[in-house]
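Inspection log for the structure reproduced underneath, given as structure tokens.
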Amino acid sequence: MQTRTIGIIMTIIGVLMLLYNSFNLVTTEKVVDLGPIQINKEVNHPLEWSPIVGVVLAVVGVVLIVIGNKKSV
117 MQTRTIGIIM
127 TIIGVLMLLY
137 NSFNLVTTEK
147 VVDLGPIQIN
157 KEVNHPLEWS
167 PIVGVVLAVV
177 GVVLIVIGNK
187 KSV
């Protein structure tokens with residue numbers, strides 16, 4: 117891939133990580149299984165990250181875009 121393309125992708129991911137600091141995965145666990153009777157439980161698994169990670173990705177992405185533009189000129 118070109119440097120500029122990677123920079124654009126990193127910038128977009130960085131901005132999205134700034135906007136959405138976390139998301140929640142929901143899984144289903146089987147609690148009781150007695151033949152035809154089943155009891156399931158939904159379990160939440162929150163995934164969180166620091167906004168600093170999004171800032172770093174966005175800044176590195178912009179730097180790669182600038183480097184890609186200088187290299188092509």
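In this note's numbering, the protein residues as written are 117 to 189. Glycine residues also receive a C-beta, built at the ideal position from the N, C-alpha and C atoms.
Contact check, residue i vs residue j, beta carbons under 9 Å
{"i": "V182", "j": "G130", "result": "no"}
{"i": "V148", "j": "E158", "result": "no"}
Collapsed DSSP secondary structure at residue i in the structure displayed
{"i": "N140", "result": "strand"}
{"i": "P162", "result": "strand"}
Alpha carbon of residue i to alpha carbon of residue j, nearest angstrom
{"i": "I153", "j": "I128", "result": "47 Å"}
{"i": "L163", "j": "V179", "result": "28 Å"}
{"i": "T167", "j": "K146", "result": "In the sequence as displayed, the identity of residue 167 is Pro instead of Thr. Spanning the two alpha carbons is a distance of roughly 35 Å."}
{"i": "K187", "j": "L134", "result": "29 Å"}
{"i": "N160", "j": "S138", "result": "13 Å"}
{"i": "N185", "j": "N156", "result": "54 Å"}
Residue i, buried or exposed, once every other Cβ within 10 Å from all chains shown has been counted against 16
{"i": "G170", "result": "buried"}
{"i": "G151", "result": "exposed"}
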